[in-house]
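**Student:**
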Amino acid sequence: MDWVDLVIILAKILGIIGVVKLTVPFMILAERKVSGWIQDRIGPNRAGPKGIIQPFADGLKLFFKEDYTPDGVDKILFPLAPCIAMLMAIIAMAVIPFSGQVQVGERVFDMQVGAVNIGILYILAIGSLAVYGVVIGGWASNSKYSFLGGLRAAAQMISYEVPLALTVISMIVLCGTLRLEVIVNQQIESGWWNVFSQPLTFIIFLTCLFAETNRAPFDLAECEQELVCGFHTEYSSMKFAMFFLGEYAHIIVASCLAVVLFFGGWHVPGLPTGIDQPLSLGMALLGIGIFYIKVWAFIFFFLWVRWTLPRFRYDQLMRMAWYGMVPVGLGLLMINAGIAYFENPMMDSKLRWYQLGGNVAMLLVLLAIVAIGEIRVAKNNARLEEYARGMKTQN
1 MDWVDLVIIL AKILGIIGVV KLTVPFMILA ERKVSGWIQD RIGPNRAGPK GIIQPFADGL
61 KLFFKEDYTP DGVDKILFPL APCIAMLMAI IAMAVIPFSG QVQVGERVFD MQVGAVNIGI
121 LYILAIGSLA VYGVVIGGWA SNSKYSFLGG LRAAAQMISY EVPLALTVIS MIVLCGTLRL
181 EVIVNQQIES GWWNVFSQPL TFIIFLTCLF AETNRAPFDL AECEQELVCG FHTEYSSMKF
241 AMFFLGEYAH IIVASCLAVV LFFGGWHVPG LPTGIDQPLS LGMALLGIGI FYIKVWAFIF
301 FFLWVRWTLP RFRYDQLMRM AWYGMVPVGL GLLMINAGIA YFENPMMDSK LRWYQLGGNV
361 AMLLVLLAIV AIGEIRVAKN NARLEEYARG MKTQN
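In our numbering, the protein residues as written are 1 to 395.
(1) Sorted by chain position, which residues of the same chain lie with C-beta nearer than 6 Å to SER170's C-beta, five sequence neighbours on each side aside?
(2) Per DSSP, what kind of secondary structure is LEU60 in: helix, strand or coil?
(3) Which residues in the same chain as PHE78 place their Cβ atom closer than 6 Å to its Cβ, once the five residues preceding and following it in sequence are excluded?
(4) Would you give the residue range spanned by the alpha helix (DSSP H) that VAL131 belongs to?
(5) Given a cut-off of 7 Å, decide if LEU245 and VAL24 are closer than it, judged by their beta-carbon atoms.
(6) Taking the alpha-carbon of TRP193 as reference, which of PHE263, GLY149, LEU174 has the nearest alpha-carbon?
(7) Using CA atoms only, rank isn't needed, just tell me which of PRO269, GLY36, ILE203 is closest to LEU303.
(8) Do VAL328 and LEU366 count as a contact pair if the criterion is CB distance below 7 Å?
(9) Can you give me the C-alpha to C-alpha distance between PHE147 and ASN214, rounded to a whole angstrom?
(10) Considering only C-alpha positions, which residue in the set CYS83, LEU180, ARG152, ILE76 is nearest to ILE118?
(11) According to the neighbour-count rule (16 or more other Cβ atoms, all chains shown, within 10 Å of its Cβ), is TYR341 buried or exposed?
(12) DSSP on ARG215, reduced to helix/strand/coil?
(13) Tell me which same chain residues have a C-beta within less than 8 Å of the C-beta of LEU309, skipping the five on either side of it?
(14) Using DSSP with H/G/I as helix, E/B as strand and the rest coil, what is ARG319?
(15) How would you call TRP266, buried or exposed, if buried means at least 16 neighbouring beta carbons within 10 angstroms?
(16) Using beta-carbon positions only, say whether VAL305 and PRO163 come within less than 7 Å of one another.
(17) For LEU286, which three-state DSSP category applies?
(18) Terminal residues of the continuous alpha helix (DSSP H) containing GLN186?
(19) If you draw a straight line from the alpha carbon of PHE291 to that of VAL259, how long is it in whole angstroms?
(20) Sorted by chain position, which residues of the same chain lie with C-beta nearer than 6 Å to ARG152's C-beta, five sequence neighbours on each side aside?
(21) Does the beta-carbon distance from PRO82 to GLU234 come in below 7 Å?
(22) For ILE339 versus TYR323, is the C-beta distance shorter than 7 Å?
(23) Indicate the three-state DSSP secondary structure (helix, strand or coil) for ARG389 in the structure shown.
(24) Based on Cα-Cα distance, which residue from ILE53, LEU351, PRO44, GLY133 lies nearest to GLU247?
(25) Are GLN101 and GLY274 close, meaning C-beta to C-beta below 7 Å?
(26) What's the C-alpha gap between LEU384 and MET362?
(27) Mark LYS33 as exposed unless 16 or more other C-beta atoms lie within 10 angstroms of its C-beta, in which case mark it buried.
(28) Look up ARG107 in the DSSP assignment and say whether it is helix, strand or coil.
(29) Since ALA89 contacts VAL253 with CB under 8 Å, what's their CB separation in whole angstroms?
(30) Using 7 Å as the threshold, is the C-beta distance between LEU62 and SER255 below it?
(31) For SER197 and ALA368, I'd like the C-alpha separation in whole angstroms.
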């Protein structure tokens, strides 16, 4: 490795950090605009044309706010927690492939910081570490509301990491690799994105992403009706802003992972892919643009769901994970493991239809589980009503 390779790696790192830092403000603006659109309001329109510099005004306001530290907090862990939350989101981007291989002159390099053999495991490991920022922030704040928010976040993230890992393992079993760029290349070569053969796996994966990123309707860790602001109740100024940036950066990482695993990465039919031969710099930038558009489609979906669905109760959240998604995820893993017994299941069109059939079968099982649960709840409610009527009659 010579100095040119080091410069290329440094440029990739700075480029990823810059794109994330520039995307987050526009995500905040988009969230406020989307909420205004859904609620039939105008939204921010004062700061700049159409309110376009509103996020930068908000950032300036947070920067000059008082950095208040309550009494009794842990002096080391209290400022460390928001740093962990933001750092984990940024370093997870290191293994995301944004385009195919690029050739500039005689040099060929990948459009990702680290093309490692354990790409998916790296993201899962970093994602599991991100919960420490929330838990430490809640514990170090010396506040009951913050502590309860941290406990909720820990329980929620651990519970939903199980079905999330099961869906990811299903894709690993089918693709036979942990390298994210290889998974994208397999989808490109087959001409069949994984979302079409694994729709239920994708739905479970996407649902778990909402819980992992603490987004509505799974934002129980910051439930303002119950916990004021949850784990970041005692934070202000730039410490609060770092938690805020970390949450939106996690949404970007989750969207990137969904695009890579299920939507073919930078692939669009009819354009060069970089598999047979490296791409030119212009085509690589076009691939990055396509990838970015797909990521923004997921970001919009995250924003849309927040302002559409009501928040779950905490017991409903946990019950859905352990009684619904975990059994169905295990069933999907067993079906996909059986299909993967055959040679190269990603390239065989018949086996792709078997994958789709397995997903439909597990969907029926999931609907049956939900129906049985609803029947049990209805019976329990009927017993409670009968008991209440009996007590009322006695009185």
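Built from N, CA and C at the ideal position, the CB exists for glycine as well.
**Tutor:** In short, the structure shows the following:
(1) To locate residue 170, count along the sequence shown from 1; it is residue 170. Counting only Cβ-Cβ distances below 6 Å, and skipping sequence neighbours, we find THR201, LEU332, LEU333, ASN336.
(2) Numbered from 1 along the sequence shown, position 60 holds the residue referred to as residue 60. If DSSP states are grouped into helix, strand and coil, LEU60 belongs with the helices.
(3) Counting from 1 along the sequence shown, the entry for residue 78 is found at position 78. Hits under 6 Å: ALA140.
(4) Locating residue 131 in the sequence shown gives position 131, where the first residue counts as 1. Run containing VAL131: 119-140, per the alpha helix (DSSP H) assignment.
(5) Residue mapping note: residue 24 aligns to position 24 of the sequence shown, counting from 1. Residue mapping note: residue 245 aligns to position 245 of the sequence shown, counting from 1. Cβ atoms of VAL24 and LEU245: closer than 7 Å.
(6) The residue given as residue 193 occupies position 193 in the sequence shown. Taking only the C-alpha atoms, the option nearest TRP193 is PHE263.
(7) The count along the sequence shown starts at 1 and reaches residue 303 at position 303. Nearest of PRO269, GLY36, ILE203 to LEU303, Cα basis: GLY36.
(8) The sequence position of residue 366 within the sequence shown is 366, counting from 1. The sequence position of residue 328 within the sequence shown is 328, counting from 1. Closer than 7 Å, so yes.
(9) Taking the first residue of the sequence shown as position 1, residue 147 is located at position 147. Taking the first residue of the sequence shown as position 1, residue 214 is located at position 214. Going by the C-alpha atoms only, they are around 16 Å apart.
(10) As a first step, residue 118 is located in the sequence shown; it is residue number 118 there, counting from the start. Considering only alpha carbons, the answer is LEU180.
(11) Taking the sequence shown and counting its residues from 1, one reaches residue 341 at position 341. Flag for TYR341 reads exposed.
(12) To locate residue 215, count along the sequence shown from 1; it is residue 215. If DSSP states are grouped into helix, strand and coil, ARG215 belongs with coil.
(13) One-based indexing of the sequence shown puts residue 309 at position 309. These residues qualify, in order along the chain: ALA216, PRO217.
(14) Residue numbering aside, residue 319 sits at position 319 when the sequence shown is read from its first letter. ARG319: helix per DSSP, three-state reduction.
(15) Within the sequence shown, residue 266 is the residue found at index 266, counting from 1. When all chains shown are included, TRP266 counts as buried.
(16) Working through the sequence shown from its first residue, we reach residue 305 at position 305. Working through the sequence shown from its first residue, we reach residue 163 at position 163. Against a cut-off of 7 Å, the Cβ pair of PRO163 and VAL305 comes out as no contact.
(17) Counting from 1 along the sequence shown, the entry for residue 286 is found at position 286. Residue state, collapsed to three classes: helix.
(18) By one-based count along the sequence shown, residue 186 stands at place 186. Run containing GLN186: 180-190, per the alpha helix (DSSP H) assignment.
(19) Translated into the one-based positions of the sequence shown, residue 291 becomes position 291. Translated into the one-based positions of the sequence shown, residue 259 becomes position 259. So the two alpha carbons sit approximately 8 Å from each other.
(20) Residue numbering aside, residue 152 sits at position 152 when the sequence shown is read from its first letter. Correct list, in chain order: LEU220, ALA221.
(21) Residue 82 sits at position 82 when you count from the first residue of the sequence shown. Residue 234 sits at position 234 when you count from the first residue of the sequence shown. Contact flag unset, no.
(22) Against the sequence shown, residue 339 aligns to sequence position 339. Against the sequence shown, residue 323 aligns to sequence position 323. No.
(23) Residue 389 sits at position 389 when you count from the first residue of the sequence shown. Note: ARG389 maps to helix in three-state DSSP.
(24) Here the question's residue 247 lines up with position 247 in the sequence shown. Ranking ILE53, LEU351, PRO44, GLY133 by Cα distance to GLU247 puts GLY133 first.
(25) By one-based count along the sequence shown, residue 101 stands at place 101. By one-based count along the sequence shown, residue 274 stands at place 274. In contact: GLN101 and GLY274 (Cβ atoms closer than 7 Å).
(26) If you number the sequence shown from 1, residue 384 lands on position 384. If you number the sequence shown from 1, residue 362 lands on position 362. Going by the C-alpha atoms only, they are around 33 Å apart.
(27) In the sequence shown, residue 33 corresponds to position 33, counting from 1. Buried.
(28) Here residue 107 is taken as the residue at index 107 of the sequence shown, counted from 1. Reduced to three states, the DSSP call for ARG107 is strand.
(29) For the purposes of this step, residue 89 is taken as residue 89 along the sequence shown, with counting starting at 1. For the purposes of this step, residue 253 is taken as residue 253 along the sequence shown, with counting starting at 1. About 6 Å separates the two Cβ atoms, so the contact holds.
(30) As a working mapping, residue 62 is identified with position 62 in the sequence shown. As a working mapping, residue 255 is identified with position 255 in the sequence shown. No, the pair does not count as a contact, with Cβ atoms beyond the cut-off.
(31) Indexing the sequence shown from 1 puts residue 197 at position 197. Indexing the sequence shown from 1 puts residue 368 at position 368. Looking at the two C-alpha atoms, the distance is approximately 22 Å.
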